[in-house]
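Let me begin by presenting the structure, written as structure tokens, before commenting on it.
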Amino acid sequence: MAMMEGALPDQAHADAGLSLEADLLVDVISHEGRVLWFNEAQAELLGTYDREIAGYDAAAFYTPESFVHIQQILRNRSRSEHGATLELTLLARGGRPIRTLARTRFVRINGEIALRLTKMDYGPVGNRYRQMEDDFRTLQSMVETSNEAHWGIVFLEPVDTTLPKSEVIRQVFENQSVWRMCNPAMSRIYQLPESVDFNEQDVRLYWPRSAANEKFVDEIIKSNYAINDALSVDRRHDGTLQYILNDVRADIVDGFLLRLWGNCRDITEQRNADDEKANALKLAIRALDGMPDPVIVLDAEGKVINRNKAFATAFSGSRTVESQLLAYVRTRKRASGWSLFTNPGGPGPSVLLDVHIRQIRGMDDKAWTVITVREREPHAPKRASRQPKRP
């Protein structure tokens, strides 16, 4: 039960009023912020057991941040004898920090209100905690200064990964989630103003639910939640779409997805350039399909890029003719213009072909070979002109 100021215990005899477990660190601080008393454990730990410390400024024994907390407690003293539990860091000889968990309580010494701080040294736990804090600060600095965009999504409503895949995908987009650890490089990719913190934005604002992004989540699930170079289609701050390539990992505990995180790269320009090339190739293929002559196109290594419809129709029943034709063309790499090709193989009469070869610059400025074929009858006279005439 809380005690009012008038009922606070009298601590005139420090030994009687402040006798606690030997492994606890205890001090009493006046309303003015001066030390009134240390117990033996704290005096020994701080190296003050051999000198009188009453009246010293308590700021000499605490880090500045901790002493600010103590001053705030003194200024805002509750009328209750029980106060807050908080973390305070003592300073031993040489300035060595000692992290503690402190419990505050107001007491009365010689008729005046004072603050008693009963503390437990974190010891090995504190050392481990400090190491984790140092590691976190290092990691945070690495992420913040990285030129590579890093992101994290924390699911405030964890996603049940044991459900059917369609339901998992639905929960990924519909369960409440927030951005975490999104660095400045991430903001640059999505073109956020400098005044806007990515981590405070709605997840759906930049990563909307769409068929493309449902496919993205589907790929994450199929990869057992560890995938590289997975494509998502996101929104920039101005609403325009962009293609993002992601390396994704996940934290799953007891079947529940707690967070996704990863790094990403904007491949929008590359994707648009690839789309332009693909559209140009489709247009070229349609143009070739409109030609009456059989045409086959080879790349710089001699591999077939395309056979137009006329070529497929004319030689669909004989891959042997095509193979021999390609072998013939490869022996004439430097040749261009028309030449006569004879196919002596197979049953029946030989096939005579007028073949036109031309080198052109194809996609990515690479060399292509365009081969145009016109079949002639075996008894037809050899044309004097290199350019055969259409019948």
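Position 168 of the sequence shown, counted from 1, bears residue number 1274 in the working numbering, the numbering being contiguous throughout. Note that the Cβ used here is the ideal one computed from N, Cα and C, for glycine as well.
Judged by beta-carbon spacing, Asp1266 lies within the 9 Å limit of Gln1277, meaning their Cβ atoms are closer than that value. For Ile1402, the CB contacts under 6 Å within the same chain, skipping 5 residues up- and downstream, are Arg1413, Phe1417 and Ile1477 in chain order. Put simply, the backbone Cα of Arg1482 is about 36 Å away from that of Lys1383. A contact between stretches requires three or more CB pairs, one per stretch, nearer than 8 Å, and the segment 1198 to 1207 meets this requirement with the segment 1215 to 1232.
Residue state for Thr1437 is assigned as coil, using DSSP reduced to three classes. Fully enclosed alpha helix (DSSP H) runs of no fewer than 4 residues occupy 1229 to 1251 and 1271 to 1280 of the segment 1217 to 1284, in order along the chain. Rounded to the nearest whole angstrom, the C-alpha separation of Tyr1349 and Asn1369 is 14 Å. Beta-bridge partners of Phe1447 (DSSP): Leu1459.
A buried status is given to Thr1475, since no fewer than 16 other beta-carbon atoms sit within 10 Å of its beta-carbon. CA-to-CA, the gap between Val1359 and Arg1377 works out to about 36 Å. Classified as buried, Ile1259 has 16 or more neighbouring CB atoms from the shown chains inside 10 Å of its CB. Beta-bridge partners of Asn1352 (DSSP): Ala1336 and Cys1370. The Cβ atoms of Asp1133 and Phe1144 lie closer than 9 Å to each other. For Arg1294, the enclosing alpha helix (DSSP H) begins and ends at Pro1290 to Ile1295. Under the three-state reduction of DSSP, Ser1136 is assigned to strand. Taking Trp1257 as the centre and dropping the five residues before and after it, the same chain places the C-beta of Cys1288 and Met1292 closer than 6 Å to its C-beta, in chain order.
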